[in-house]
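So the sequence shown is numbered by our numbering: it starts at 35 and just counts up by one. Glycine included, each C-beta is placed from N, C-alpha and C at the ideal position.
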Amino acid sequence: MSTMSDVSLRGAADIRCKGLRHEDVTVLVNNAGAVSFGSLLTGPLDDAHAMFRTNVFGPWEMTRVFAPALAASGGAMVSVLSAIAWFSPPQNGAYAATKAAAWSLTNGLRMGLESAGVLVQGLHFGAVDTDFAAGYDGTKIAPGQVVNASLEGLEAEAPEVLVDAESRNTKAALSGAPGEYLRRFLGSAGS
Numbered sequence: 035m036s037t038m039s040d041v042s043l044r045g046a047a048d049i050r051c052k053g054l055r056h057e058d059v060t061v062l063v064n065n066a067g068a069v070s071f072g073s074l075l076t077g078p079l080d081d082a083h084a085m086f087r088t089n090v091f092g093p094w095e096m097t098r099v100f101a102p103a104l105a106a107s108g109g110a111m112v113s114v115l116s117a118i119a120w121f122s123p124p125q126n127g128a129y130a131a132t133k134a135a136a137w138s139l140t141n142g143l144r145m146g147l148e149s150a151g152v153l154v155q156g157l158h159f160g161a162v163d164t165d166f167a168a169g170y171d172g173t174k175i176a177p178g179q180v181v182n183a184s185l186e187g188l189e190a191e192a193p194e195v196l197v198d199a200e201s202r203n204t205k206a207a208l209s210g211a212p213g214e215y216l217r218r219f220l221g222s223a224g225s
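Right, here's the structure in full:
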């Protein structure tokens, strides 16, 4: 599993401090992604800690580093999340927990940054046809679909973008009984 280290984050901060002017930074895209599979009850906690460092603390630190520049430029921060922020598959629970935490973090950062004129966009989707989802056999959308949806959302100043049917259906199911969406998802995955 690849993770973003504290050294990488400090390096990013150094780059910001060495030559970038605030007006040079108009959009920050937090697209950190680390995944490991296993049961929440028996899977390796070291993997979960690494995922949280990358998927939650990495974007948090990057946002803190670039917040002054985004405020100065009236820019935007895009938080690449996932529909999995709203449900927890049995063998992917730790990853789902990181995306749920990242969703909550995004909402909190939005509250802190909106008064500075920074748009914070939460970007949700199901699986995307990239190397990250190479082992996933379900429906995948094209990467360009995600990019276009985000750009359209930025243009419309949308705080949340639900890119595909997977994200829209999952978000809509949040008002149902706990776990109902997951039961439906797992039932349809077997057919």
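Using alpha carbons as the reference points, say which of F71, A192, A199 lies closest to A141. As a first step, residue 141 is located in the sequence shown; it is residue number 107 there, counting from the start. First, the amino acid is wrong: residue 141 is Asn here, not Ala. When only C-alpha atoms are compared, the closest one is A192.
Report the option in A150, V181, G169 whose CA atom is closest to the CA atom of N126. Working through the sequence shown from its first residue, we reach residue 126 at position 92. Residue G169 is the option with its Cα nearest to N126.
Range covered by the alpha helix (DSSP H) that runs through G187: Taking the sequence shown and counting its residues from 1, the one referred to as residue 187 is at position 153. 177 to 189 is the span of the alpha helix (DSSP H), which, as asked, contains G187.
For the alpha helix (DSSP H) holding S64, just list the boundary residues, first then last. Numbered from its first residue, the sequence shown carries residue 64 at position 30. One point to set straight first is that residue 64 is Asn, not Ser, in the sequence displayed. Per DSSP, N64 belongs to no alpha helix (DSSP H); it is in the beta strand (DSSP E), 61 to 64.
Could you please give the first and the last residue of the uninterrupted alpha helix (DSSP H) stretch that includes A128? Taking the first residue of the sequence shown as 1, we reach residue 128 at position 94. Segment 127 to 147, the alpha helix (DSSP H) holding A128.
According to DSSP, G72 sits in a beta bridge with which residue or residues? Along the sequence shown, one-based indexing puts residue 72 at 38. According to DSSP, G72 bridges with N126.
Check whether the segment 108 to 128 and the segment 73 to 89 touch, using three or more Cβ-Cβ pairs below 8 Å as the test. yes
Please say whether G109 and V152 have beta carbons closer to each other than 8 Å? As a working note, residue 152 is residue 118 in the sequence shown. As a working note, residue 109 is residue 75 in the sequence shown. Closer than 8 Å, so yes.
Just checking: is the beta-carbon of L147 within a distance shorter than 8 Å of some beta-carbon in chain D? Among the chains of the structure shown, chain D does not appear; only one protein chain is present.
Name the residue from D163, A105, F91, V180 whose alpha carbon lies nearest to the alpha carbon of K136. As a first step, residue 136 is located in the sequence shown; it is residue number 102 there, counting from the start. Inspection of the sequence shows that residue 136 is occupied by Ala rather than by Lys. Selected option, being the one with the closest Cα: F91.
Where in the segment 85 to 117 do unbroken runs of the beta strand (DSSP E), each at least 3 residues long, occur, reported from the N-terminal end onward? 110 to 114
What did DSSP end up calling A207 once you bin it into helix, strand or coil? Looking up residue 207 in the sequence shown gives position 173. Three-state DSSP puts A207 in a helix.
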